[in-house]
Amino acid sequence: MRIVAGQWRGRKLVAPSGEITRPTADRTRETLFSMLTSRLGSFEELAVLDLFAGSGALGLEALSRGAASCTFVEQEASAVKAIRANIDALDARRQTTVQQASVMSLGPAKQPHDLILLDPPYGTGAGEVALDRMLRLGWIGPATWMALETGAKETVSIKGLDCVADRRVGKARLWLLRLASDAA
Numbered sequence: 043m044r045i046v047a048g049q050w051r052g053r054k055l056v057a058p059s060g061e062i063t064r065p066t067a068d069r070t071r072e073t074l075f076s077m078l079t080s081r082l083g084s085f086e087e088l089a090v091l092d093l094f095a096g097s098g099a100l101g102l103e104a105l106s107r108g109a110a111s112c113t114f115v116e117q118e119a120s121a122v123k124a125i126r127a128n129i130d131a132l133d134a135r136r137q138t139t140v141q142q143a144s145v146m147s148l149g150p151a152k153q154p155h156d157l158i159l160l161d162p163p164y165g166t167g168a169g170e171v172a173l174d175r176m177l178r179l180g181w182i183g184p185a186t187w188m189a190l191e192t193g194a195k196e197t198v199s200i201k202g203l204d205c206v207a208d209r210r211v212g213k214a215r216l217w218l219l220r221l222a223s224d225a226a
């Protein structure tokens with residue numbers, strides 16, 4: 043696993059030991075960030091939230107491309123250890139916060155984030171449940187973009203959010219979501 047683009051392009055990342063997590067493949071991450079770049083233009087100064095963070099590859103990719111900060115949320119101890127190792131290797135401590143917790147334990151947000159990245163276990167519906175919760179707790183605002191990775195055959199429908207784009211990449215399906223126009 044490597045950072046695809048930006049200031050840390052080509053830098054290797056460590057993955058959590060064991061089979062508790064499923065790291066997003068480089069090709070899938072490249073496709074996701076291409077989809078986001080075509081809509082955002084730039085990641086400069088974005089506040090990012092990486093949920094079900096695993097190795098932290100998604101959030102670190104956003105930081106490499108210019109995001110101002112990233113909060114990583116992951117409950118598995120081996121994954122948190124990998125996230126911290128990757129942050130240390132990239133000297134990104136000042137831009138990051140790591141929370142070892144369940145996504146479902148997050149409380150109300152102080153303010154909405156610009157970009158929320160979710161890579162939950164496939165086939166669980168955890169991403170939809172998490173986004174519904176994030177919406178109700180103020181993590182999502184009118185300017186927030188959300189990117190959700192699911193299994194290729196899964197569908198996504200979340201009250202209050204619109205699907206802007208989706209794309210299949212191998213065994214994965216990438217979804218870009220925004221606050222519904224009638225909810226903004």
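Just add 42 to the spot in the sequence shown (first one is 1) and you have the numbering used here. Quick reminder that beta carbons are idealized off the backbone N, C-alpha and C, glycines included. Quick caveat: nothing in here was measured; it's all calculated off a predicted structure.
Here residue 183 really is in contact with residue 154; their C-beta atoms are around 3 angstroms apart, less than 8 angstroms. The beta strand (DSSP E) runs lying completely inside the stretch 108-174 and spanning 3 residues or more are 111-116, 138-142, 157-160, given in chain order.
Exclusion of the five residues before and after residue 196 leaves 164, 165, 215 as the residues of its chain whose Cβ lies within less than 8 angstroms of its Cβ. Residue 136 is positioned such that its CB atom lies no closer than 7 angstroms to that of residue 129. When C-beta atoms of the stretch 165-181 are compared with those of the stretch 76-89, fewer than three pairs fall below 8 angstroms, so the two segments do not count as touching. If you draw a straight line from the Cα of residue 72 to the Cα of residue 46, it comes to about 6 angstroms. Looking at the DSSP output, residue 191 shares a beta bridge with 216. By the Cβ-count criterion, residue 178 is exposed, with fewer than 16 other Cβ atoms from all chains shown falling within 10 Å of its own Cβ. Excluding five sequence positions before and after residue 198, the CB atoms of its chain that fall closer than 8 angstroms to its own CB belong to 169, 170, 190, 192, 205, 208, 217, 219, given in chain order.
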